[in-house]
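Here's the structure, in structure tokens; my notes come after.
Numbering (my numbering), first residue to last: 1 to 263.
Laid out in structure tokens, this is it:
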């Protein structure tokens with residue numbers, strides 16, 4: 001099962017939902033609040049468990065009806081004789097889109113209400129980026145999804161924070177260098193540069209020695225951030241990224257590599 005987002009308003013194709021990730025975060029927030037408000041008592045724990053059930057159901061629904069993996073690379077659907085652990089509601093051609101945009105009661109599309117761009121379809125089902133995102137998106141799925149997103153061409157700045165956060169799931173160190181050119185005021189209001197950097201730095205495989213600086217933001221292209229970042233300087237090898245090289249850091253008792261600067 002999964003949620004519907006259209007509430008009381010009728011549509012020709014019945015009720016529908018566009019952002020499976022927003023629905024997931026709805027139940028994630030219900031779970032967190034129930035733990036704070038009611039956990040610790042027998043009756044309270046029942047509420048917490050119910051919120052967990054809603055959350056798990058929404059995640060399963062999203063992975064079943066929104067996240068599509070072509071049969072050719074899905075071990076559970078590769079052959080008719082295999083043990084089919086996952087439902088396969090769509091044909092092989094439609095599965096090439098990797099992500100459903102809008103799911104109605106009688107139809108399904110790989111578009112959104114506000115546009116047909118591939119980046120819209122994928123990232124409206126990715127935002128917001130929170131702790132539960134790592135449960136909703138696994139590496140295997142994102143690796144295939146990136147092959148679709150990498151051909152999206154120029155991307156509006158508002159979406160770049162989410163696009164880079166998505167890449168961080170499979171390559172956090174590359175994502176870190178790409179995120180240096182972000183400007184919080186230019187990306188979606190549901191995110192910020194610091195939030196993106198925090199997400200990247202907490203992904204498995206991120207190296208604490210990964211530091212980078214983009215010396216001239218004005219010359220950075222606003223095109224797809226999946227392309228190689230130009231002008232990135234790795235300062236980890238120069239020593240200037242070390243806290244010990246900066247008086248203020250030393251006075252504050254900071255240690256490690258944390259300063260993405262060459263001076």
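Cβ coordinates follow ideal geometry from the N, Cα and C atoms, glycine included.
Check whether residue i and residue j have beta carbons under 8 Å apart
i: residue 136; j: residue 173; result: no
i: residue 183; j: residue 162; result: no
i: residue 100; j: residue 68; result: yes
i: residue 139; j: residue 164; result: no
i: residue 31; j: residue 55; result: yes
i: residue 62; j: residue 122; result: no
i: residue 132; j: residue 28; result: yes
i: residue 104; j: residue 14; result: yes
i: residue 4; j: residue 21; result: no
i: residue 120; j: residue 112; result: yes
i: residue 200; j: residue 179; result: yes
Alpha carbon of residue i to alpha carbon of residue j, nearest angstrom
i: residue 35; j: residue 45; result: 8 Å
i: residue 254; j: residue 98; result: 44 Å
i: residue 51; j: residue 187; result: 31 Å
i: residue 175; j: residue 93; result: 30 Å
i: residue 220; j: residue 160; result: Residue placement at residue 220 cannot be trusted, given a pLDDT of 49 that sits under 50; what the coordinates show is reported in the next sentence. In a straight line, the C-alpha of residue 220 is about 13 Å away from that of residue 160.
i: residue 185; j: residue 42; result: 46 Å
i: residue 64; j: residue 181; result: 35 Å
i: residue 155; j: residue 25; result: 25 Å
i: residue 49; j: residue 38; result: 11 Å
i: residue 59; j: residue 23; result: 9 Å
i: residue 248; j: residue 96; result: 52 Å
i: residue 158; j: residue 152; result: 15 Å
i: residue 47; j: residue 33; result: 10 Å
i: residue 246; j: residue 210; result: 18 Å
i: residue 12; j: residue 106; result: 9 Å
i: residue 203; j: residue 141; result: 16 Å
i: residue 89; j: residue 70; result: 12 Å
i: residue 116; j: residue 171; result: 27 Å
i: residue 66; j: residue 145; result: 12 Å
i: residue 134; j: residue 192; result: 18 Å
i: residue 143; j: residue 57; result: 24 Å
i: residue 194; j: residue 91; result: 40 Å
i: residue 78; j: residue 53; result: Here residue 78 scores only 43 on pLDDT, less than 50, and its place in the model is too uncertain to base an answer on.
Residue i classed as buried or exposed, judged by whether at least 16 other C-beta atoms fall within 10 angstroms
i: residue 177; result: buried
i: residue 197; result: buried
i: residue 114; result: exposed
i: residue 250; result: exposed
i: residue 147; result: exposed
i: residue 244; result: exposed
i: residue 10; result: exposed
i: residue 252; result: exposed
Contact belief for residue i with residue j at Cβ below 8 Å, rounded distance in angstroms
i: residue 18; j: residue 102; result: 5 Å
i: residue 127; j: residue 205; result: Not confirmed; about 22 Å, so no contact.
Give the list of continuous alpha helix (DSSP H) stretches no shorter than 4 residues that lie fully inside the stretch 15 to 57.
20 to 38
Whole beta strand (DSSP E) elements within the stretch 73 to 155, 3-residue minimum:
102 to 104
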